[in-house]
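Peer 1: Here the protein sequences come in this chain order: A and B.
Under the numbering used here, the letters of the first sequence match residues 1492 to 1701, in that order.
Under the numbering used here, the letters of the second sequence match residues 1492 to 1701, in that order.
There are 2 protein chains.
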Amino acid sequence: MPRGRPPAHTRPQVVAAAIAVADAEGLDALTMRRLAAELGAGVMSLYTYVRDKEELLDLMVEQVGEFDQALGGDDLLGLVRWQRALMLRHPWMPAALPNRQLGGPNMLGYLERGLVALERTGLPGPAKMEILALLTGFVASYVSNELAQARAGVTDSQRVQEHVARLRVAVASGAYPQLARVMSEGATAPPPSFEAIAARMIAGLVGGRP
Amino acid sequence: MPRGRPPAHTRPQVVAAAIAVADAEGLDALTMRRLAAELGAGVMSLYTYVRDKEELLDLMVEQVGEFDQALGGDDLLGLVRWQRALMLRHPWMPAALPNRQLGGPNMLGYLERGLVALERTGLPGPAKMEILALLTGFVASYVSNELAQARAGVTDSQRVQEHVARLRVAVASGAYPQLARVMSEGATAPPPSFEAIAARMIAGLVGGRP
DNA sequence: CCTCTTTCCCGTACGTTGTACTGAAACTAG
DNA sequence: CTAGTTTCAGTACAACGTACGGGAAAGAGG
């Protein structure tokens, strides 16, 4: 039987609250004070459940990554699809992923699935790991761009305005003819679909192997 | 003739000092106070040259990215090689790149070169842009892993130790057979070379196009 | 019942960060 | 000289992560 004062919350609850804040208001809004307020707790109480903020982020990534069902099957394209869905639902993920410790069962399970999918390539182990890491990086990049473009439409940030103005000036100077052409084409052609790019990417990375 | 008190430094000097600090001690060590101390200036004097820290980082990326010579030519593989060399020389770049405004002549020049290299594919403009962004993301991922592995050998961080220990326990549980195999293989096989992966990556992304 | 031990709660406080404010300082123009 | 303009930099503040330590709440042992 557990002795001592019983905890007012649980670790998954704390992590879930953190995820909720980050989902709704972004990573920057996720401060220890904000999280404590969300839970109706004192700031320092959080450190009962989490060693520090870094560990909290580790746990967020792990907890958000539970694949309850097999979305899209066990092939690489399915895994990559699943990652993209995850990142679109949790826009803070691309920024939070780099340099993080992924030791939980969800992330290890994901890794295991990726290795299974790569088994028939006959590649050496380190190459498989590298490919999986690169695929994750690819999805993060893609979704990052995707989210940035979605935001660009509604933004009124002075920063972005100035940046676009500088771009126009530079392009108008004539020094960047290719860029000028692309910008004048503008939105006539839609960007390629995730499916298409991901498929080509995977083909390229495991390409040449049966 | 310029009126008023003459500046004690120049913007490129300030940016260069910032790059030097980040190169030597990492992005975290680059604080406004540290940078001011490096220049022998007051902290707030920096804000004469730079609107805020965000702009300083923009300028660092831009200034570090001057291609004085044409390394590797104008094809995509050459551009990617150049990016990797840059990031290896400035290990803070992979972390600093995401979500940054790249409006300077160096970065626009790089973009223009990439578009030229992609011209013969006949792809629509947005697709070209997407491919270039993804290639940059790929290099950042790759170099990030590269640097992390180089650091892993000499690290004594308690965090990493614990992480490895947790990994061992998880793998020993038998729940991840593929992962177990890869870890037991260990370092027998060297990871694939950057050249090989980059080439396959490029082939995949522009693949199917003449 | 009371007391001990264990555990969690959380107010206070410290060091570090980016940067707003303000006035002094250094220069040119007249 | 004075007036005008620009940069320099000390002080100060809000927000952050978190170390510290005392108080509070529970079960265990008497």
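All C-beta atoms, glycine included, are put in the ideal place defined by N, C-alpha and C.
On a predicted model such as this, the values are computed, not experimentally measured, just so you know.
If we define contact as Cβ-Cβ less than 8 angstroms, is residue 1667(B) a contact residue for chain A?
Peer 2: yes
Peer 1: For the segment 1672–1689 of chain B and the segment 1616–1627 of chain A, state whether three or more C-beta atom pairs, one from each stretch, are separated by less than 8 angstroms.
Peer 2: yes
Peer 1: Going by CA-CA distance only, name the one from 1525(B), 1547(B), 1565(B) and 1571(B) that's closest to residue 1689(B).
Peer 2: 1571(B)
Peer 1: I need the boundaries of the alpha helix (DSSP H) containing residue 1697(A), first residue and last residue.
Peer 2: 1685–1697
Peer 1: Is it true that the segment 1543–1556 of chain A meets the segment 1572–1589 of chain A, where meeting means three or more beta-carbon pairs spaced less than 8 angstroms apart?
Peer 2: A contact is defined here as three or more CB-CB pairs under 8 angstroms, and the segment 1543–1556 of chain A meets this definition with respect to the segment 1572–1589 of chain A.
Peer 1: Only counting the same chain, and skipping five residues up and downstream in sequence, which positions put a Cβ closer than 8 angstroms to that of residue 1588(A)?
Peer 2: 1552, 1627 and 1631
Peer 1: Identify each residue in the segment 1606–1639 of chain B for which the Cβ-Cβ distance to at least one residue of chain A is less than 9 angstroms, and report them in chain order.
Peer 2: 1606, 1607, 1609, 1610, 1614, 1615, 1616, 1617, 1618, 1619, 1620, 1621, 1622, 1624, 1625, 1627, 1628, 1629, 1631, 1632, 1633, 1635, 1636 and 1639
Peer 1: Name the two residues that bound the continuous alpha helix (DSSP H) containing residue 1549(A).
Peer 2: 1544–1555
Peer 1: Does DSSP put residue 1605(A) in a helix, a strand or coil?
Peer 2: helix
Peer 1: Taking Cβ to Cβ, would you say residue 1638(B) is nearer than 8 angstroms to residue 1697(B)?
Peer 2: no
Peer 1: Take residue 1592(B) and list the residues in its own chain whose beta-carbon comes closer than 6 angstroms to its own, dropping the five residues that flank it on each side.
Peer 2: Around residue 1592(B), the same chain offers 1549 as residues with beta carbons nearer than 6 angstroms, after the five sequence neighbours per side are excluded.
Peer 1: How far does the alpha helix (DSSP H) with residue 1637(B) in it reach, from first residue to last?
Peer 2: 1616–1643
Peer 1: Which of the three DSSP states, helix, strand or coil, is assigned to residue 1588(A)?
Peer 2: When secondary structure is reduced to three states using DSSP, residue 1588(A) falls in the coil class, being assigned neither helix nor strand.
Peer 1: Among 1654(B), 1547(B) and 1682(B), which residue has its Cα nearest to the Cα of residue 1507(B)?
Peer 2: 1547(B)
Peer 1: Does the segment 1596–1604 of chain A come close enough to the segment 1649–1666 of chain A that 3 or more CB-CB pairs lie under 8 angstroms?
Peer 2: no
Peer 1: Rounding to the nearest angstrom, what Cα-Cα distance links residue 1519(B) and residue 1565(A) in this structure?
Peer 2: Cα to Cα, residue 1519(B) sits roughly 39 angstroms from residue 1565(A).
Peer 1: Does the beta-carbon of residue 1635(A) have 16 or more other beta-carbons within 10 angstroms, so that it is buried, or is it exposed?
Peer 2: buried
Peer 1: What residues from chain A crowd round residue 1571(B), counting only those whose CB sits closer than 9 angstroms?
Peer 2: By Cβ distance, chain A contributes nothing, its closest Cβ being about 13 angstroms from residue 1571(B), past 9 angstroms.
Peer 1: How long is the line joining the alpha carbons of residue 1500(B) and residue 1516(B), rounded to whole angstroms?
Peer 2: 22 angstroms
Peer 1: Spell out whether any CB of chain A is found under 8 angstroms from the CB atom of residue 1695(B).
Peer 2: Answer yes: the Cβ-Cβ gap between residue 1695(B) and chain A drops below 8 angstroms somewhere.
Peer 1: Whose C-alpha, out of 1667(B), 1545(B) and 1573(B), is nearest the C-alpha of residue 1594(A)?
Peer 2: 1667(B)
Peer 1: Does at least one heavy atom of the ligand FAD sit under 7 angstroms from the Cβ of residue 1661(A)?
Peer 2: Inclusion of the ligand FAD in the displayed structure is not the case, the ligand content being empty and no account of it being possible.
Peer 1: Could you check whether residue 1692(A) and residue 1629(A) sit closer than 8 angstroms to each other, using their CB atoms as the reference points?
Peer 2: yes
Peer 1: With H, G and I counted as helix, E and B as strand and the rest as coil, what does DSSP make of residue 1680(B)?
Peer 2: coil
Peer 1: Would you identify the three-state DSSP class for residue 1670(A), choosing helix, strand or coil?
Peer 2: helix
Peer 1: For a contact meaning CB atoms closer than 9 angstroms, what does residue 1698(B) contact in chain A?
Peer 2: Annotation: Cβ neighbours of residue 1698(B) in chain A (cutoff 9 angstroms, chain order): 1691, 1694, 1695 and 1698.
Peer 1: Mind checking the segment 1583–1594 of chain A against chain B and listing, in chain order, the residues whose C-beta falls within less than 8 angstroms of any C-beta there?
Peer 2: 1585, 1586, 1589, 1590, 1592 and 1594
Peer 1: So, with DSSP's three-state summary, where would you put residue 1493(A)?
Peer 2: coil
Peer 1: Could you confirm whether any beta carbon from chain B is found closer than 8 angstroms to the beta carbon of residue 1658(A)?
Peer 2: yes
Peer 1: For residue 1673(A), which residues in chain B fall below 7 angstroms Cβ to Cβ?
Peer 2: 1606, 1616, 1619 and 1620, listed in chain order.
Peer 1: Between residue 1521(A) and chain B, is the shortest Cβ-Cβ distance under 8 angstroms, so that the two count as touching?
Peer 2: no
Peer 1: By the criterion of Cβ-Cβ separation under 7 angstroms, what are the contact partners of residue 1680(A) in chain B?
Peer 2: 1615, 1616 and 1617
Peer 1: Strictly below 8 angstroms CB to CB, what residues from chain B border residue 1661(A)?
Peer 2: Going along chain B in sequence order, the residues near residue 1661(A) (Cβ under 8 angstroms) are 1594, 1596 and 1599.
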